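To start, the structure itself, in structure tokens.
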Amino acid sequence: MRPELRSFGRLLTIQASWNYERMSGIGLGYACEPLLGDLAASDPARSGEAVLRAAGFFNSHPYLAGVAAGAETRAEYDGVDGKQIERLRAALCSPLGALGDQLFWAGLWPVVLGAALIAVVFGAEWWAPVAAVAIMLLVRVWVTRWALRTGLRSGIQVGVALQNARIRAWIPAAGLTAAFVIGAAVPLVVGAEDGVRGGPGVLAVVVALVGLAVGQRKSVRFTGVGFGLTVLVAAALVSLVVG
Amino acid sequence: MSPFQLLGLLVVGTVAGLDLASGPQVLLARPLVAGTLAGLCLGDLTAGLVVGSALELFALEVLPVGASRYPDHGPGTVGAVLAVAYIGPHQLWLGVMLGLFLATIGGWSLRWLRRANAVAVAGASAALQAFVPGILGQLHWAAFRRDLLRSIGLTALAIALGWAVGHLSAPPRTWDTWLNATAMGAGAAAALNGALRNAGHGRRVAALGTGLLAGVLLVAFA
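In order, the protein sequence lines correspond to chains L and A. For the numbering used here, count along the first sequence from 1 and bump the result up by 11. Letter 100 of the second sequence, counting from 1, is numbered 88 in the numbering used here, and no numbers are missing.
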């Protein structure tokens, strides 16, 4: 199998060995290993050092980690000083993380999920959630391939390539669309629940407003799961006592 | 529940757990997807879609950013769907409560997994320093197997609790409608808090408000 293809496959599970010590470092080193194969033949000493460097501390967005894998590998082949490669790797963590978080976690994911929720409310069956997965799978494959190739092409100049990358321009549109779609999906999902009309509907709105008020207070560490469990247990107890 | 259905639920929950922690992170861990697939396995797609949609509201709050702590909703959703498939959607709140409880346990299990991975990496530091051939692959796949066991265990617990809730819950009461409304209201609060946090400023908040208004109007008039 071609080294680039093996590295691509490994990048799909880069988070598997995520830990509090090196974060995604082991996964990134494992993804770089096949790419450094030729270096192992020509310069075994440098190859060992390169893999060690690649497996050091690293944290970014999993979809875009290929940029770092490719850039580091290319820099190793170009004979760039090891310290400079380590600095490159450290410098890539934040921009790649921020780009991926905004574009995918806070952009495309909510858009696709919100659209699937709305489709289900309007009568779509199993195909809507399955289509959401299919879309994200295609995006994951395309972005991972793009990231790895961009890194391999650019090497130490990867910062310039990222500055000029077209995907950066998609962030504002993705964020706005996500906000709109989630805004529309929430009342539709709540309203689609049987019986949540009239009195129970008012209760749902009151609970939502209380949760929003609590969640927006900076002094309170709000989690939706914690809030949900708390109000449900309280409501169930009230229903037992009163009912 | 037939052995094939049980196996199907176990596979759906395990794949959901793996998708969140190990990858490829393509929405298989989301309650809407895990719930739909669990519903298909049980031959009760309605239960899957209803529970999946309700729990998705809670999951929308959280971004799975690497170092942050977040719940694992996927395997728990499987148990919640199983419970609601037995008791019916009029007691959706019980399924939601079970799903949220299991998501919390899932979150704890993720922290255990990451600590266990760190211990394994620290234990292999000498081998890493000497660059023993194949050491990165060993560490990586050992972590993957750990996540596999975590996901299987969490899904098995979810199925056991889902079965128990499905068989031991009280018969339907008039209060159930109010409890369902409470669950949906809490889910709306979670989703909107997450959306507001992501929106952050100006135009995105306006887009969120516009979407919210459009959704409310559709509920009122559609």
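Ideal Cβ placement from N, Cα and C applies to all residues, glycine included. Computed from a predicted model, the values in this text were never measured in an experiment.
| query | result |
| --- | --- |
| What are the partner residues of A/Met85, as DSSP defines its beta bridges? | Its beta-bridge partners do not exist; DSSP assigns none. |
| Rank L/Pro14, L/Arg13, L/Arg21 by C-alpha distance to the C-alpha of L/Thr155 and give the top, closest one. | L/Arg21 |
| Could one say the Cβ of L/Glu97 lies closer than 8 Å to chain A's Cβ atoms, at least one of them? | no |
| How would you call L/Val253, buried or exposed, if buried means at least 16 neighbouring beta carbons within 10 angstroms? | exposed |
| Looking at the unbroken alpha helix (DSSP H) that takes in L/Tyr31, where does it start and where does it end? | Per DSSP, L/Tyr31 belongs to no alpha helix (DSSP H) and is neither H nor E. |
| Here's the rule: buried if 16 or more other CB atoms are within 10 angstroms of the residue's CB, otherwise exposed. What is L/Gly36? | buried |
| Where does A/Ser10 land, buried or exposed, given buried means 16+ other C-beta within 10 angstroms? | buried |
| Using a Cβ cut-off of 8 Å, pull out every chain A residue sitting near L/Thr24, in sequence order please. | Ser10, Gly11, Pro12, His128, Phe132 |
| Find the nearest neighbour of L/Phe133 within the set L/Arg57, L/Ala27, L/Ala195, judged by alpha-carbon distance. | L/Ala195 |
| When we look at the beta-carbon of A/Asp60 and count the other beta-carbons within 10 Å, is it buried (16 or more) or exposed? | buried |
| Taking the alpha helix (DSSP H) that L/Gln26 belongs to, which residues open and close that run? | Segment: none, L/Gln26 is in no alpha helix (DSSP H) and carries neither H nor E. |
| Are the Cβ atoms of L/Ala215 and A/Met172 separated by less than 8 Å? | yes |
| Using the beta-carbon count (16 or more within 10 Å), is A/Arg159 buried or exposed? | For clarity, residue 159 of chain A is Pro in the given sequence; the question names Arg instead. The residue is exposed, with fewer than 16 neighbouring Cβ atoms inside 10 Å. |
| Assign L/Phe69 to one of three DSSP states: helix, strand, or coil. | strand |
| Give me the chain A residues within the contact set of L/Pro211, using Cβ-Cβ distance strictly less than 8 Å, ordered along the chain. | Thr165, Trp166, Asn168, Ala169 |
| Ordered along the chain, which non-local residues of its own chain (more than five positions away) have a Cβ less than 6 Å from that of L/Ala189? | Gly118, Pro121, Val122 |
| Does DSSP put A/Pro159 in a helix, in a strand, or in coil? | coil |
| So is A/Met(-11) in contact with chain L if we call contact Cβ pairs under 8 Å? | no |
| For A/Pro63, return the contacting residues in chain L, with the cut-off set at a CB-CB distance below 9 Å. | None at all; the shortest Cβ gap to chain L is about 14 Å. |
| Quick one: residues in its chain with C-beta nearer than 7 Å to the C-beta of A/Val153, no 5 flanking neighbours on either side, listed in chain order? | Ala71, Leu82, Leu86 |
| Please go through the region 75 to 153 of chain L and give each complete alpha helix (DSSP H) segment of 4 or more residues, from N-terminal end onward. | 76 to 88, 93 to 111, 120 to 132 |
| Would L/Ala13 and L/Phe68 qualify as a contact pair, given that the criterion is a beta-carbon distance under 8 Å? | Per the sequence presented here, residue 13 of chain L reads as Arg, with Ala not at that position. Against a cut-off of 8 Å, the Cβ pair of L/Phe68 and L/Arg13 comes out as no contact. |
| Does any residue of chain L have a CB that is nearer than 8 Å to the CB of A/Leu20? | yes |
| Between A/Val109 and chain L, is the shortest Cβ-Cβ distance under 8 Å, so that the two count as touching? | yes |
| Please state whether the Cβ-Cβ distance between A/Ala4 and A/Gly62 is less than 8 Å. | yes |
| Helix, strand or coil: which one does DSSP assign to L/Arg208? | coil |
| Along chain A, which residues have their Cβ under 7 Å away from the Cβ of L/Gly202? | Val207 |
| Where does L/Glu44 fall in DSSP's three states? | helix |
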